[in-house]
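Enquirer:
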Amino acid sequence: MKLDLLRLENFRCFTELELPLHKQMTVIVAENGQGKSTLLDAIRIALWPYISSFDLARNAFNDPGNTVAIDDVRLQRLSNGDMARQLPAKVIMTGDFGSGAGRSWGRYRDSEAKSSKTKDEGETASMRQWTASIQERIRNPESPALDLPVFGYYGTGRLWAQKRLMENLKGKDDTQETDFYIRTFAYLNCLDPASSYKHFKEWFIWAFQSLREQQIRQLEGRAQTTDLKTAEERVQVVQQAIDTFLYPITGWHRLEYSITREKSLVLTHEQLGTLDADQLSDGIRSVLAMIGDIAYRCIKLNPHLGVEAAKATKGVVLIDEVDMHLHPRWQQAILTQLQEAFPKIQFVVTTHSPQVLTTVPSECIRILRDNKVYSAPPGTEGAEPERMLKQVLGLNDVRPPTNKATQELREYLTLVDRDQWNSPRALELRQSLDARYQGQEPALLDADLQIENRKWELGE
50 MKLDLLRLEN FRCFTELELP LHKQMTVIVA ENGQGKSTLL DAIRIALWPY
100 ISSFDLARNA FNDPGNTVAI DDVRLQRLSN GDMARQLPAK VIMTGDFGSG
150 AGRSWGRYRD SEAKSSKTKD EGETASMRQW TASIQERIRN PESPALDLPV
200 FGYYGTGRLW AQKRLMENLK GKDDTQETDF YIRTFAYLNC LDPASSYKHF
250 KEWFIWAFQS LREQQIRQLE GRAQTTDLKT AEERVQVVQQ AIDTFLYPIT
300 GWHRLEYSIT REKSLVLTHE QLGTLDADQL SDGIRSVLAM IGDIAYRCIK
350 LNPHLGVEAA KATKGVVLID EVDMHLHPRW QQAILTQLQE AFPKIQFVVT
400 THSPQVLTTV PSECIRILRD NKVYSAPPGT EGAEPERMLK QVLGLNDVRP
450 PTNKATQELR EYLTLVDRDQ WNSPRALELR QSLDARYQGQ EPALLDADLQ
500 IENRKWELGE
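Just so you know, we're using this note's numbering here: the sequence shown kicks off at 50 and counts up by one.
Written out as structure tokens, the structure is:
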């Protein structure tokens, strides 16, 4: 699976829009309310026909987020002040769903009637047939091993909240333990932006207990070598992926299941010991949940890839506000970590962080402004964050313009430019600014040099 171009018509806030997608990492930036999350939702809608062709990907609740819903249709104000829905509303994707590049498939709604449904166009029917045939092939024990793509959508709620399966919303969670043995179980809830951490946690506990059982059998001389190897690989893939992210930044590593710690998942630190994962910070927990979920889906879908499952599995992963909860030092590493841990996955992420933007080349960045997509200026990778704030994120001034400290600093610098540094107002401002910044403000140091130069020029 590889996505090349997303095209929208009358979808939410967009009359028409084309979003070219980078082959590995697309980073979308925009001000709040400009439609970043809408683009991720649209990609989700485009991917659903592929995923829903696998039986275990569907549950009893038909999530409207997988369709072009009536609320997704763009509203247009008429000359008399009334509003009217603009139809048809379309989500069209160009890419390769496995049968060859350059394919185009789409979904649309052409009616606002409550009884109406989302319809397919282009090669969507061919996509459904393609994936249905794949499902039959992987069920056939005589068929050779077939790689399956991984998918994920991680919204601003992330996974740690453990989305509750409310009776009036999703009904009973009827996951069977036997589903853990079926590859396509990994597609369940994969495109739900608030998808349940619960499934990853339950699967990892099952995998960890299975490993311990095989290790005990080995000690007793009853273990099958292949069974022990498979059990080790399942756990190892997830642990290695999580360690890639957590250990270099935080020192926490080695996710395990502990019976003695109230049957919880635990992490270890060389200085701080072992703690329940849910005792750690929001940043650590959100990364743990997201990366653990991606890695578990990789090894679940492609067990024949063994310990290389995370690095060898292809697919598409969507992450809203990839910088959320992360310290700037981690923001400077998160995209590199994603590409190192999952080099074959195509990522589409959104961000407000200049630190994130400095870690990718400009061809990866898409600036969304006034319902249009713009390219980023050259030289973003390795740039200083201040330049990203101005050139990519659109800030005219990196200082908060309405803040009293900013206003006083600007007023003082203006007086210096006018050679009025000895005026009563300038002296008053300088006293206040020195007390506030205590020699740490470069603009004041530059002003002092400017004053000295002007004094020399004026012969003072």
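Where a beta carbon is used, it is the ideal one built from N, C-alpha and C, also for glycine. Owing to the predicted nature of the structure, the values given are computational and were not obtained by experimental measurement.
Using three-state DSSP, classify residue 69 as helix, strand or coil.
Expert: Here residue 69 sits in strand by DSSP.
Enquirer: Return the CA-CA distance between residue 305 and residue 323, expressed in angstroms with no decimal places.
Expert: Whole-angstrom Cα-Cα distance: 10 Å.
Enquirer: Since residue 303 and residue 288 should fall inside the 8 Å C-beta cutoff, what is the C-beta to C-beta distance between them, to a whole number of angstroms?
Expert: With a Cβ gap of about 6 Å, residue 303 and residue 288 count as contacting.
Enquirer: Would you check if the distance between the CB atom of residue 177 and the CB atom of residue 102 is smaller than 7 Å?
Expert: Yes, they are a contact pair.
Enquirer: For the alpha helix (DSSP H) holding residue 248, just list the boundary residues, first then last.
Expert: Start and end: 246 to 268.
Enquirer: With 16 other CB atoms within 10 Å as the buried threshold, where does residue 415 fall?
Expert: Burial call: buried.
Enquirer: Could you check if residue 425 is buried or exposed, using at least 16 other CB atoms within 10 Å of its CB as the buried criterion?
Expert: The residue is buried, with at least 16 neighbouring Cβ atoms inside 10 Å.
Enquirer: Suppose you measure from the CA of residue 158 to the CA of residue 108; what does that come to, to the nearest Å?
Expert: If I take the Cα positions, the gap works out to 23 Å.
Enquirer: From residue 455 to residue 318, what distance separates their C-alpha atoms?
Expert: Roughly 42 Å separates the two Cα atoms.
Enquirer: Considering only C-alpha positions, which residue in the set 89, 462, 124 is nearest to residue 64?
Expert: Of the candidates 89, 462, 124, the one whose C-alpha sits nearest the C-alpha of residue 64 is 124.
Enquirer: Quick one: what does DSSP say residue 125 is sitting in, helix, strand or coil?
Expert: DSSP places residue 125 in strand when its eight states are reduced to three.
Enquirer: On the criterion of 16 or more Cβ atoms from any shown chain inside 10 Å, does residue 62 qualify as buried, or is it exposed?
Expert: Burial call: exposed.
Enquirer: Quick one: what's got a C-beta closer than 6 Å to residue 449's C-beta in the same chain, skipping five residues either side?
Expert: Correct list, in chain order: 455.
Enquirer: Decide if residue 208 is buried, meaning its Cβ has at least 16 other Cβ atoms within 10 Å, or exposed.
Expert: The predicted position of residue 208 is uncertain, since its pLDDT is 48 and thus under 50; no value can be drawn from it.
Enquirer: Might you give, ordered along the chain, the residues of its own chain that have their beta carbon closer than 7 Å to the beta carbon of residue 440, omitting 5 neighbours on each side?
Expert: Excluding residues within five positions, the ones whose Cβ falls inside 7 Å are 426.
Enquirer: For the alpha helix (DSSP H) that contains residue 339, what are its first and last residues?
Expert: It spans 331 to 350 - the alpha helix (DSSP H) in which residue 339 sits, taken as one unbroken run.
Enquirer: Mind checking whether residue 530 and residue 407 have CB atoms under 7 Å apart?
Expert: The structure shown does not extend to residue 530, since the chain is modelled only from 50 to 509, so the question has no answer here.
Enquirer: Among 184, 462, 54, which has the Cα closest to the Cα of residue 145?
Expert: The option with the nearest alpha carbon to residue 145 is 54.
Enquirer: With burial defined as no fewer than 16 other Cβ atoms inside 10 Å of the residue's Cβ, what is the status of residue 367: buried or exposed?
Expert: With 16 or more other Cβ atoms within 10 Å, it is buried.
Enquirer: What span of residues does the alpha helix (DSSP H) with residue 466 cover, start to end?
Expert: It spans 453 to 466 - the alpha helix (DSSP H) in which residue 466 sits, taken as one unbroken run.
Enquirer: Cutting at 7 Å between CB atoms, please list the residues of its own chain near residue 503, excluding the five before and the five after it.
Expert: Closer than 7 Å at the Cβ level, and outside the excluded window around residue 503, lie 468.
Enquirer: Out of 191, 81, 381, 56, point me to the one whose CA is closest to residue 69's CA.
Expert: Nearest option by C-alpha distance: 56.
Enquirer: Could you tell me which residues DSSP pairs with residue 74 in its beta bridges?
Expert: 396, per the DSSP bridge assignment.
Enquirer: Alpha carbon to alpha carbon, how far is residue 231 from residue 349?
Expert: Looking at the two C-alpha atoms, the distance is approximately 8 Å.
Enquirer: Which same chain residues, not among the five before or five after residue 218, have their C-beta less than 6 Å away from its C-beta?
Expert: With a pLDDT of 37 at residue 218, under the threshold of 50, the modelled position of this residue cannot be trusted; read the value that follows with caution. Around residue 218: no qualifying Cβ.
Enquirer: Do residue 92 and residue 399 come within 7 Å of each other at the CB atom, strictly closer than that value?
Expert: No, the Cβ-Cβ distance between residue 399 and residue 92 is not below 7 Å.
Enquirer: Between 260, 113, 80, 74, which lies nearest to residue 94 when the distance is taken from Cα to Cα?
Expert: Cα-wise, what sits closest to residue 94 is 113.
Enquirer: So residue 105 packs on residue 240, CB below 8 Å; how close in whole Å?
Expert: Contact flag wrong, Cβ pair sits at about 14 Å.
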